[in-house]
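Residues in the sequence shown are numbered consecutively from 848, following our numbering.
Beta carbons are placed, not taken as given, at the ideal position from N, Cα and C, and that holds for glycine.
Since the model is a prediction, treat every value here as computed from it, not as a measurement.
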Amino acid sequence: LPSPSLRQMSDQDLESASPWLLKSADPSAVQSLAAKLGCPLPIAQILASRGVDTPAAAEAFLNPTLESFLDSPANDPTQMLGMATAVGRVLAAIRAGEPMLIYGDYDVDGTTATVLLKTTIERVGLAMEPPRPAQVSYHVPHRIREGYGMQASVLGAAASDGIRLVISVDTGIRAVAEAAEARRLGLDLIVTDHHLPGDVAELPGAFAVINPAQPGCPYPNKNLCGAAVAFKLAQALLMAVSAETPDPAAWLKRVRETLLPSFLKLVAIATIADAVPLTGENRTIAVLGLAALARPVQPGLRALLQLAKIPLDRAPTAGEVGFRIAPRINAAGRMDIASDVVELFLTRDRARAQSLAEKLDGLNRARRDSEARALVEIDRELAGLVDAEGAYPRECLVLDHPDWHRGVLGILATRVVERTGRPALIVTHADGDAHGSGRSVRGFHLLDALTAVNADAGGEGGPRQSADEATPLFHRFGGHAHAVGFSLESSRLPQLRARMRSYTSRFLTPALLVPQMEYDAEISLADLTAEFAAWIARCAPFGIGNPEPILLTRNARLAAAVRLIQEKHVCLQLVASPARQPEGMERQSQPDTPALPALGWSRGPASWAGCCAALGLAQGSAIDILYRVKRNTGPYASPYFGGLELELQAVRLAAAPSLP
848 LPSPSLRQMS DQDLESASPW LLKSADPSAV QSLAAKLGCP LPIAQILASR GVDTPAAAEA
908 FLNPTLESFL DSPANDPTQM LGMATAVGRV LAAIRAGEPM LIYGDYDVDG TTATVLLKTT
968 IERVGLAMEP PRPAQVSYHV PHRIREGYGM QASVLGAAAS DGIRLVISVD TGIRAVAEAA
1028 EARRLGLDLI VTDHHLPGDV AELPGAFAVI NPAQPGCPYP NKNLCGAAVA FKLAQALLMA
1088 VSAETPDPAA WLKRVRETLL PSFLKLVAIA TIADAVPLTG ENRTIAVLGL AALARPVQPG
1148 LRALLQLAKI PLDRAPTAGE VGFRIAPRIN AAGRMDIASD VVELFLTRDR ARAQSLAEKL
1208 DGLNRARRDS EARALVEIDR ELAGLVDAEG AYPRECLVLD HPDWHRGVLG ILATRVVERT
1268 GRPALIVTHA DGDAHGSGRS VRGFHLLDAL TAVNADAGGE GGPRQSADEA TPLFHRFGGH
1328 AHAVGFSLES SRLPQLRARM RSYTSRFLTP ALLVPQMEYD AEISLADLTA EFAAWIARCA
1388 PFGIGNPEPI LLTRNARLAA AVRLIQEKHV CLQLVASPAR QPEGMERQSQ PDTPALPALG
1448 WSRGPASWAG CCAALGLAQG SAIDILYRVK RNTGPYASPY FGGLELELQA VRLAAAPSLP
């Protein structure tokens, strides 16, 4: 589907600017995999293009097990830098009865990490001989009142309450000043985080830092989410305490068969929600955790799944977690108090769990309403940015409004990127400060951009204009290549715009803005069988690093006119185009075949209805399509093809027209 920035280009220009590229794979590896696995060649092509190019790698990819996950040396938590120090300090605190504080974060990653680490420490204490009930409290910051990251005031209150050990989860890697304040207060601080550190020479001076992304950490997976890092600490604690239990062998058996699989439910939710790459260990966590989510026992989890309309007798899909479960969890931190999520997953009271789940569901509806209102204003602003050629500026778009709710800024930034193909920073204002969230496009490292403009005392590269410009731009900032958060004085927002414009003029190259469409394999409509769809399903869960396969089919024919859905979405009924006959031969009659539905869902200003109209699609038109394979189990599913339907990604006129 052409983006608005390219809608004025001719079909020929668009074809050359936005090619459809087959993901590369070794042909010999594809043939070998297909023979060894007994799978269709396109499935082997999909696997090989993702680096799963040997039978052993395919077995690990298609059939991950808890045993292989726990026994893999690559996944051993004790190899993490700082792990041994952290484990020793936590065990000492439990033995001495020291009160501990878990310092969390307000998103899915931070709240689930808080739950599993609090639960772990309490169970470790009870497993000791004699039992030592651990004193573990938690603090989840309020997004509006406190903002992101650790706060010295919270540490001060903890010290006044007698806390001597603070453990951060999903935060803290840039908390240099806060770590210094913790030392001054007599607090031992253990940082567990996964975000990228700032200046590598200035890591927080904590008692221990556990973060696979920190310099010198040998742990191979640098892309764990925050909850997974907390899980690693939990796993190491559960293993280390075995020597202090009455029956170490029985304890270790319980850890492997019961406790760790149970924790993987929350880690899988966080892994999917935090959009870390679903490859290697992360994919195994997602597979095992999703499987464990079938028939949940904990009342809060059951209530949440029910309100999200996910059946309790099967494992949810990654899509259901990402689009139904995670938004409800995130809604607490976005719109109200994220500590409700921690209570939801800790309570054993069914009535309380139901009440909390219903509150999250209501907050999620409020979040959607707030997002919809803001998007009206955003679409109005975006319309004013388009030039005479129908293109957006080649820069990071910075949009701000005082009425936009801080809790939906990240979602709004994502919507702007989807609409424009440009990185975006979305900002709101409160009490003289601007608070923002950003999302990026492929190939443009947004955290590097913020790091550069924060220290760019010369504004747009010129000489310093004032002492104000010589100071760091942001109060605080952090994140990843594709997602960031930040705050600064509202009066300095023009400087942010100017510096980002200067930075993007150098590093946001035109090539990064061309919407390249990659596909995984080419297949005919006749090959779209239930068996083929089952092979696709075995490649799930899908996400960053393991995207849902996109397939190419050439020369499909519209069996009927384009059907509009709500004026902007479309449904195409597709059949294979008839084969051409050699010259001089009569055209043979074609048997009637059922049509395969292909749906195009419009998002933002560009619509599938407009795309189909621009291409002049009508009954009999021959088209090439890129699509994902879906299975519709609803009441309106096609009775043919086992309920299979296609989700359109791109359409173009076929090179060879169909016969009249």
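- Ser1349 is bridged by DSSP to nothing; it lacks a bridge partner.
- Relative to Arg942, the option among Arg970, Pro902, Leu1036 and Leu1210 whose CA is nearest is Arg970.
- For the 9 Å CB-CB criterion, Pro1143 and Leu1125 do not form a contact.
- Each residue's CA atom was taken as its position, placing Leu868 and Glu1395 some 16 Å apart.
- Pro920 and Phe1291 have their alpha carbons spaced roughly 34 Å apart.
- Within the stretch 1351 to 1427, the runs of beta strand (DSSP E) at least 3 residues long that lie entirely inside it are, in chain order, 1364 to 1366, 1398 to 1405, 1410 to 1412 and 1416 to 1423.
- Cβ neighbours of Ala1373 within its own chain (closer than 7 Å, five residues either side excluded): Ala1423.
- Nearest Cα to Ile1172 within the set Arg1212, Thr1194 and Arg1195: Arg1212.
- With 16 or more other Cβ atoms inside 10 Å of its own Cβ, Lys965 counts as buried.
- Put simply, the backbone Cα of Gly1279 is about 39 Å away from that of Glu1167.
- Distance from Ile1014 to Ile1037 at the Cβ level is roughly 5 Å; contact confirmed, criterion being Cβ atoms closer than 8 Å.
- Bridge pairing for Asp1183: absent [DSSP].
- The continuous beta strand (DSSP E) containing Met947 extends over residues Pro946 to Tyr950.
- Measuring C-alpha to C-alpha distances from Val1300 to each of Ala974, Arg1289, Pro1341 and Ala1074 identifies Pro1341 as the nearest.
- Proximity of the stretch 952 to 967 to the stretch 1076 to 1083 meets the contact definition, three or more beta-carbon pairs being nearer than 8 Å.
- Buried is the label assigned to Ser1349, since at least 16 other Cβ atoms lie within 10 Å of its Cβ.
- Taking 4 residues as the shortest admissible run, the stretch 1089 to 1144 contains the following complete alpha helix (DSSP H) segments, listed from N- to C-terminal end: 1095 to 1101, 1107 to 1120 and 1127 to 1139.
- Considering only Ala1461, Ala1075 and Asp873, the residue with the shortest C-alpha distance to Asn922 is Ala1075.
- DSSP lists no bridge partner for Leu1193.
- Three or more Cβ pairs drawn from the stretch 1103 to 1111 and the stretch 1128 to 1139 lie within less than 8 Å of each other, which places the two stretches in contact.
- Counting every other CB atom within 10 Å of its CB across the protein chains shown gives Thr1039 a total of 16 or more, marking it as buried.
- Taking the Cβ atoms as the reference, His1329 lies roughly 5 Å from Ser1287, within the contact range of under 8 Å.
- Ile1116 and Leu1320 have their C-alpha atoms some 35 Å from each other.
- Between the C-alpha atoms of Ala1150 and Val899 there is a straight-line separation of about 38 Å.
- In this structure, the beta-carbon distance from Gly1285 to Ala1302 does not fall below 9 Å.
- Taking C-alpha positions only, His1042 is separated from Val1102 by approximately 28 Å.
- In the structure shown, Gln1082 adopts helical secondary structure according to DSSP, grouped into three states.
- The criterion of a C-beta distance shorter than 9 Å is satisfied by Ala876 and Thr901.
- Below 8 Å, enough C-beta pairs join the stretch 1227 to 1247 and the stretch 1262 to 1276 to call them touching: three or more.
- Contact check for Asp956 and Gly885: beta-carbon distance about 39 Å, past the 8 Å limit, so the pair fails to qualify.
- If you keep only unbroken beta strand (DSSP E) runs of at least 3 residues inside the stretch 914 to 1000, you get 946 to 950 and 982 to 986.
- In the three-state scheme derived from DSSP, where H, G and I count as helix and E and B as strand, Ala1456 is classed as helix.
- Under DSSP, Lys1477 takes part in a beta bridge, and its partners are Glu1492.
- A distance below 9 Å separates the beta carbons of Arg1269 and Leu1360.
- The alpha-carbon of Asp1471 is positioned some 47 Å away from that of Ala1077.
- Under the Cβ criterion (8 Å, minimum of three pairs), the stretch 987 to 1000 counts as touching the stretch 1173 to 1188.
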